[in-house]
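Peer 1: Dropping the structure in here first, questions after.
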Amino acid sequence: MSAVRSPKKTSQLRSSKSSGSQATSQSLPLQWKRSRKNEKSFPLLIRVLLFLQHTSSILTLSAIAGSLIMYGLTFYTQQMWNRQYDKLQELQYYERNVTSIHEALKDEIAEQAKTTNETFVPLTPDYNLYLEPAMISHSSETASSSQSRKVEPPKTDRPVAY
Amino acid sequence: MIQNMSREFRRLVFVWLIFLLVSIGLGSRIYYLQIVVGDQLQAKANKQQKFALKPYIPRRMIIDRDGSVLATDRVVYELYAHPRLFKQAPKTIATKLAAILEDYSKSELLNKFEKRGTGIPIKDRLTEELASEIKTIRSDGLELIKKYDRYYPHEGLAANVVGYVQKDQHQGKTGVEFTQQAKLTRQAEKFFPVQRTARGNILPAYLPKNTVTFDDKKLQLTIDAKLQRLAHKAVEKQVKEFNAKRGTVIVMDVHSGELLSLVNEPSYNPNQYYEYDLDRMKNWAVTDRFEPGSTFKPINVAIALEAGLITPETEFQDPGKIKIGGWTVRNHDYYSEGGHGKIDIAEILQVSSNVGIIKIMQRMSPQNYYDKLQELGIEKPVGIDLTGETPGYLKPEFQFTNYEIEPATTAFGQGFSLTPIKLAQLHSSLANGGKLVTPHVVKGLVSQNGELVNSNNDSQKRVFSSETAKKVVEMMQTVVSEGSGQTAQIPGYRLGGKTGTAQKAGLRGYYTNEKITSFVSIFPANNPRYVVLAVVDEPKKPLAFGSTVAAPIVKEVIQGLISIEEIPPSHPEELKNQETDES
Chain A
1116 MSAVRSPKKT SQLRSSKSSG SQATSQSLPL QWKRSRKNEK SFPLLIRVLL
1166 FLQHTSSILT LSAIAGSLIM YGLTFYTQQM WNRQYDKLQE LQYYERNVTS
1216 IHEALKDEIA EQAKTTNETF VPLTPDYNLY LEPAMISHSS ETASSSQSRK
1266 VEPPKTDRPV AY
Chain B
339 MIQNMSREFR RLVFVWLIFL LVSIGLGSRI YYLQIVVGDQ LQAKANKQQK
389 FALKPYIPRR MIIDRDGSVL ATDRVVYELY AHPRLFKQAP KTIATKLAAI
439 LEDYSKSELL NKFEKRGTGI PIKDRLTEEL ASEIKTIRSD GLELIKKYDR
489 YYPHEGLAAN VVGYVQKDQH QGKTGVEFTQ QAKLTRQAEK FFPVQRTARG
539 NILPAYLPKN TVTFDDKKLQ LTIDAKLQRL AHKAVEKQVK EFNAKRGTVI
589 VMDVHSGELL SLVNEPSYNP NQYYEYDLDR MKNWAVTDRF EPGSTFKPIN
639 VAIALEAGLI TPETEFQDPG KIKIGGWTVR NHDYYSEGGH GKIDIAEILQ
689 VSSNVGIIKI MQRMSPQNYY DKLQELGIEK PVGIDLTGET PGYLKPEFQF
739 TNYEIEPATT AFGQGFSLTP IKLAQLHSSL ANGGKLVTPH VVKGLVSQNG
789 ELVNSNNDSQ KRVFSSETAK KVVEMMQTVV SEGSGQTAQI PGYRLGGKTG
839 TAQKAGLRGY YTNEKITSFV SIFPANNPRY VVLAVVDEPK KPLAFGSTVA
889 APIVKEVIQG LISIEEIPPS HPEELKNQET DES
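Protein chains in written order, with our numbering: chain A, 1116 to 1277; chain B, 339 to 921.
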């Protein structure tokens, strides 16, 4: 019996509550409008609470977004790491091969030079090109003096750039 | 009771019962998975998810002074078969494998597979290319184990300096590979326990920091590969021509002690070190002593000059032979030339007069002479960064100071012994103005852009005054311009030199017919930078002397040195004359 009765009770309660809320919602808009125009008329506590509500909802939203991004990134970075690790291994493999082949070729060419001498120039001074240092003599002095005469300061105001 | 209940309530109980049963079911499943078989599953998961990541940490490269790679690490694989784990028929696996491994036939592989259930070694030192081909078979039961293998691209070029690395342990056994072990190995080979996903991807979050980063510093040597090759070619030619036992060439920077070249002939290929005798693998320029003969005379002259017993102008009577303590000592040219008459110090070196140098050293008390030889460190190791260095040997102090013959034989370079590297060090002290520097082959660790990270700080010890050293170098210059070293002349340049042809002592100390020829040169004579020493052991053909066997080697090496180091001529007019002569 009580089971049959109880839903009725709750419905009564609900209707009374909703009617109450309707009453408040009907009477509220004017107050609300007024509060929009002049927020100072609200008590301090309400304003603080309102502020808290606003900021916390923004924080919650951004936290949700952030966690979603982080969740996605954990998968993505793993994949990225593995891809880059593979790449690193591949590069190391190429580096090893390039170094050893390059040096082995150097050796092979040098060994060939031992047997077939005609195509390779031996390292002896006969093949060196010796350049004489420029003479610092009387003639060079005259050359420099004639040059200095030529390089007289130009008659323009423009500064000479070096 | 149940009939008394309303329909809604019965439905509620029914749903509740279903939930209860499901939760009991789930609970018992959890109990089974977590408690009953938990440990087994944990082990299974670990096996699948965790594996040991062995990051790429090879032994450091060894490079020459120009950056040419003398030793580097390769990755090789060992192939094992575990037939028990095969999921394909052994026949198909054998066919696929035989197609990749050329030196195995299908039947040979099948025979191997029948030997054991697991752990059959198939092949080692597989290249990375072959290993990746084998991976494409994608069969369980074929295991590839990654290893490092040392590779010497220039083979025997600097083998006696660089040394070799033993295959199985990957540890250096001789040369720089052994002495610089601590610098060459980055850290103990670590295995990182790593988690991976079902797809085999590594979960990097569990990796320790800096797993994949390693510094790429290289070990740089002072050796110049080009000069090394040239010196090797020169000594090889003479050793063959005179049918000699062995030869060595040392090129040393006299100021820093850096060795630009250190060649041994015969050499060996460190890539196949196991095919050679141990005797070939040592660097005999460092490990073996020899009696230097006349190449030691300039050192004796310096000792006497330093003690103020002679001046370059002092003259001595050289009758060609001299009697000391019952022994007669002759000049090498006594039978052809007789005596040389009155000669000065430079002439004594030019004609390599034994009598002359004995008379010089007789002015010094044996005790003082002995003490000076000790000060020069004849019986001490030079401290080179190579394995197996042997200090020199002098006669015991009592014998040296009490028997007249001992200081006399020492005067012309016999009766005591030292290593070629020690002789080069002593001549360097003449060339650099009187300081003993430590010869070395290791420059230090260099970073990727060639900056030296750490280097050796070598001590220097003054043994002669710079005036003495300068005077001796001037005298040595006349040996090449007018004396026994004329074969080493190079137009446009001046070099100091001294030949040496010594008799070798047999096992019991008696001198035999075997000889050891040498030539030492200080170059350029006007402003010495290098000492070049060539020693050829036991040349067996006639007319084998320091001047004919070793001097041409030194000449060839110095010619190479001129081109490589771009050394300008001190007498350019000679080059011009040469050109006009040719035209």
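Using N, Cα and C, we set each Cβ at its ideal position, and we do this for glycine too.
This one's a predicted model, so the numbers in the text were calculated from it and none came from an experiment.
Just to confirm the assignment, what range does the alpha helix (DSSP H) spanning residue 808 of chain B have?
Peer 2: 804-819
Peer 1: Taking only the alpha-carbon atoms, compute the straight-line gap between residue 1211 of chain A and residue 401 of chain B and give it to the nearest angstrom.
Peer 2: Taking C-alpha positions only, residue 1211 of chain A is separated from residue 401 of chain B by approximately 14 Å.
Peer 1: Cβ of residue 633 of chain B within 7 Å of Cβ of residue 838 of chain B?
Peer 2: With contacts defined by Cβ atoms closer than 7 Å, residue 633 of chain B and residue 838 of chain B form a contacting pair.
Peer 1: Say whether chain A places a C-beta atom closer than 7 Å to the C-beta of residue 465 of chain B.
Peer 2: no
Peer 1: So what does residue 778 of chain B bridge to, in DSSP terms?
Peer 2: B:596
Peer 1: Could you please give me the residues that DSSP links to residue 417 of chain B through a beta bridge?
Peer 2: B:461 and B:482
Peer 1: Please report the straight-line C-alpha distance between residue 717 of chain B and residue 911 of chain B, rounded to a whole angstrom.
Peer 2: 45 Å
Peer 1: Do residue 444 of chain B and residue 430 of chain B come within 7 Å of each other at the CB atom, strictly closer than that value?
Peer 2: no
Peer 1: Going by C-alpha to C-alpha distance, which of B:462, B:741, B:636 and B:727 sits closest to residue 810 of chain B?
Peer 2: Its Cα nearest to that of residue 810 of chain B, the residue B:636 stands out among B:462, B:741, B:636 and B:727.
Peer 1: Going by alpha carbons, who is nearest to residue 933 of chain B out of A:1165, A:1186, A:1213 and A:1225?
Peer 2: In the structure as shown, chain B begins at 339 and stops at 921. Residue 933 of chain B is therefore absent and cannot be evaluated.
Peer 1: Could you run through the stretch 863-886 of chain B and flag, in chain order, every residue whose CB is less than 7 Å away from some CB of chain A?
Peer 2: Those residues of the stretch 863-886 of chain B placed with their C-beta closer than 7 Å to a C-beta in chain A do not exist.
Peer 1: The ligand NAP and residue 479 of chain B: does the residue's C-beta get closer than 6 Å to at least one heavy atom of that ligand?
Peer 2: Only the bare structure without any ligand can be found here, which leaves the ligand NAP out of the picture.
Peer 1: Please name the residue, chosen from B:668, B:485 and B:784, that lies closest to residue 396 of chain B on a Cα-to-Cα basis.
Peer 2: B:485
Peer 1: Run through DSSP, which three-state label would residue 1246 of chain A get?
Peer 2: coil
Peer 1: Kindly indicate which residue of B:714, B:734, B:555 and B:707 has the alpha-carbon position closest to the one of residue 647 of chain B.
Peer 2: B:707
Peer 1: Counting Cβ pairs closer than 8 Å, one from the stretch 817-832 of chain B and one from the stretch 799-806 of chain B, do we hit at least three?
Peer 2: In short, these stretches do not touch, since the Cβ pair count stays below three.
Peer 1: May I ask you to verify whether the stretch 583-597 of chain B touches the stretch 864-873 of chain B, counting CB pairs closer than 8 Å and requiring at least 3?
Peer 2: yes
Peer 1: Can you list, in chain order, the residues of its chain with a C-beta nearer than 7 Å to that of residue 531 of chain B? Leave out the 5 residues immediately preceding and following it.
Peer 2: 388 and 390
Peer 1: Under the rule that 16 or more other beta-carbon atoms within 10 Å means buried, what is residue 749 of chain B, buried or exposed?
Peer 2: buried
Peer 1: Measure the alpha-carbon distance for residue 1194 of chain A versus residue 539 of chain B and round it to whole angstroms.
Peer 2: 8 Å
Peer 1: Select from B:348, B:829, B:345 and B:493 the residue whose C-alpha is nearest the C-alpha of residue 909 of chain B.
Peer 2: Ranking B:348, B:829, B:345 and B:493 by Cα distance to residue 909 of chain B puts B:829 first.
Peer 1: Report, in whole angstroms, the separation of the C-beta atoms of residue 560 of chain B and residue 778 of chain B, which I expect to be a contact under 8 Å.
Peer 2: With 8 Å as the limit, residue 560 of chain B and residue 778 of chain B qualify as a contact, their Cβ atoms being about 7 Å apart.
Peer 1: So residue 742 of chain B and residue 860 of chain B are in contact, right, with Cβ under 8 Å, and what is the actual spacing, rounded?
Peer 2: Contact doesn't hold; Cβ gap of about 32 Å is too wide.
Peer 1: Whose C-alpha, out of B:494, B:890 and B:469, is nearest the C-alpha of residue 414 of chain B?
Peer 2: B:469
Peer 1: With a cut-off of 7 Å, does the C-beta of residue 898 of chain B fall near any C-beta of chain A?
Peer 2: yes
Peer 1: For chain B, is any of its Cβ atoms less than 7 Å away from the one on residue 1214 of chain A?
Peer 2: yes
Peer 1: If you scan the stretch 636-698 of chain B from start to end, which runs of the beta strand (DSSP E) of 3 or more residues do you find wholly inside it?
Peer 2: 653-656, 659-662, 665-668 and 679-682
Peer 1: Would residue 858 of chain B and residue 836 of chain B be called neighbours here (beta carbons separated by less than 7 Å)?
Peer 2: yes
Peer 1: May I have the straight-line CA-CA distance separating residue 327 of chain B from residue 512 of chain B, to the nearest angstrom?
Peer 2: Residue numbering for chain B in the displayed model covers 339 to 921; residue 327 of chain B lies beyond these limits and cannot be assessed.
Peer 1: Could you pull the start and end residues of the alpha helix (DSSP H) that residue 1203 of chain A belongs to?
Peer 2: Where residue 1203 of chain A is concerned, the enclosing alpha helix (DSSP H) starts and stops at 1159-1230.
Peer 1: Let me know the beta strand (DSSP E) ranges lying completely inside the stretch 486-569 of chain B, each 3 residues or longer, listed in chain order.
Peer 2: 530-533 and 556-559
Peer 1: Along the chain, where does the alpha helix (DSSP H) that runs through residue 868 of chain B open and close?
Peer 2: Note, residue 868 of chain B: premise wrong, no alpha helix (DSSP H); beta strand (DSSP E) at 868-875.
Peer 1: Name, please, each residue of chain B whose Cβ falls closer than 8 Å to the Cβ of residue 1207 of chain A.
Peer 2: What residue 1207 of chain A touches in chain B: 394.
Peer 1: Can you tell me whether residue 888 of chain B is buried or exposed, with buried defined as 16 or more other CB within 10 angstroms of its CB?
Peer 2: buried
Peer 1: Check whether the Cβ atoms of residue 572 of chain B and residue 896 of chain B lie closer than 7 Å to each other.
Peer 2: No. Outside cutoff.
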